[in-house]
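Counting from 1, position 137 in the sequence shown corresponds to residue 965 in my numbering; the numbering is continuous, with no gaps.
The beta-carbon is built from N, C-alpha and C at its ideal position, and this holds for glycine as well.
Have a look at the structure below, then the notes.
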Amino acid sequence: MREGLLRRGLRLEYLTLSWNVVGVVVLALTAAASGSVALAGFGVDSLIEIVASSVVVWELRGEEGSRRERIALRIIAVAFGVLALYIAMQATVTLAGGARPHRSTLGVAWLAVTVAAMWLLAYGKHRTGDALQNRVLMTEARVTVIDGALAATVLVGVALNAALGWWWADPLSSLVILVYGVREARHAWGEAA
């Protein structure tokens, strides 16, 4: 039973990794083409999700009860701290400079599909982590749920810019990622203590 759950947890992480690798490319291209801070920030979030999923794969493949859990949680915490710092700097520069991002139809489409994908993956990770009593997988499931919520928030900002020309909605929506990054960094660090 435990081996089957471990295999399911690994499959879910590999699916998350694959999704986010494609997402980083799509988001980098759309952010560069449109000048969107929100799309760039979500791309960085996708990179952090890749790190988090890689750490979970590493932890799940280790020995039960090893130090890997604490190390994995600390790595995830630091990654989210870096995300928060990046978003704070980028949103400040964009809002202060009044840079106006262009429309991004591909960005809107990718974000919409990502919302559903992340919530489905998070559900599977949570169930599997709970059955395994694995704190790292459960923490990463929370990260994935929030990743879906972030995609929804960024989608709103990017869509408002595209539909109504509200350029400021794009960098403002990225600030939600800032709050999330700080919160998740603190949570993961606390879990590692």
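Problem - Cβ separation of residue 905 and residue 1021, assumed to be a contact under 8 Å, to the nearest whole Å - result: Taking the Cβ atoms as the reference, residue 905 lies roughly 10 Å from residue 1021, outside the contact range of under 8 Å.
Exercise for the section: Kindly indicate which three-state DSSP category residue 806 falls into: helix, strand or coil? Expected result: Nothing about residue 806 can be reported from this structure: the residues present for the chain run from 829 to 1021 only.
Exercise for the section: With residue 932 as the anchor, note down where its alpha helix (DSSP H) starts and where it stops. Expected result: Element bounds for residue 932: n/a, residue is neither H nor E.
Exercise for the section: Specify the secondary structure class of residue 1002 as computed by DSSP and reduced to three states. Expected result: It is helical.
Practice task
Can you check the segment 901 to 980 for any alpha helix (DSSP H) of at least 4 residues that lies completely inside it and give the ranges in chain order?
Solution key: Those alpha helix (DSSP H) runs which fall completely within the segment 901 to 980 and span 4+ residues are 933 to 960.
Handout entry: CB contact flag (residue 833, residue 969, <8 Å)
Key = Cβ atoms of residue 833 and residue 969: not closer than 8 Å.
Problem - residue 869: first and last residue of the uninterrupted alpha helix (DSSP H) it sits in - result: Here the alpha helix (DSSP H) through residue 869 covers 865 to 888.
Practice task
Return helix, strand or coil for residue 1021, following the three-state DSSP convention.
Solution key: DSSP places residue 1021 in coil when its eight states are reduced to three.
Problem - alpha helix (DSSP H) segment containing residue 835, residue limits - result: Going by DSSP, residue 835 is part of the alpha helix (DSSP H) stretching over 830 to 862.
Exercise for the section: Check residue 895 in the structure and name its three-state DSSP category. Expected result: Collapsing the DSSP output to three states places residue 895 in coil.
Practice task
Please report how far the alpha carbon of residue 863 lies from the alpha carbon of residue 877, in whole angstroms.
Solution key: When rounded, the distance between both Cα atoms is 22 Å.
Exercise for the section: For residue 857, collect the residues of the same chain with a Cβ closer than 8 Å to its Cβ; drop the 5 residues on either side in sequence, then sort them by chain order. Expected result: Apart from the 5 residues on each side of it in sequence, residue 857 sits with its Cβ closer than 8 Å to the Cβ of 934 in its chain, given in chain order.
Handout entry: Residue of 847, 989, 991, 941 minimising C-alpha distance to residue 879
Key = The candidate whose alpha carbon is nearest that of residue 879 is 847.
Practice task
Mind the definition here: the segment 896 to 905 touches the segment 988 to 1000 only if three or more C-beta pairs lie below 8 Å; say whether that holds.
Solution key: In short, these stretches do not touch, since the Cβ pair count stays below three.
Exercise for the section: On a CA-only basis, which of 1016, 1015, 1005 is nearest residue 911? Give me that one, please. Expected result: For residue 911, the nearest C-alpha among the options comes from 1005.
Practice task
Please determine if the segment 942 to 955 and the segment 974 to 984 are in contact, where contact requires at least 3 C-beta pairs separated by less than 8 Å.
Solution key: Touching, per the Cβ criterion.
Handout entry: Neighbourhood of residue 841 by C-beta distance below 6 Å, restricted to the same chain and skipping five residues each side
Key = The residues are 881, 884, 885.
Problem - Identity of the residue in 915, 986, 971 nearest residue 872 by Cα - result: With distances taken between Cα atoms, residue 872 lies closest to 915.
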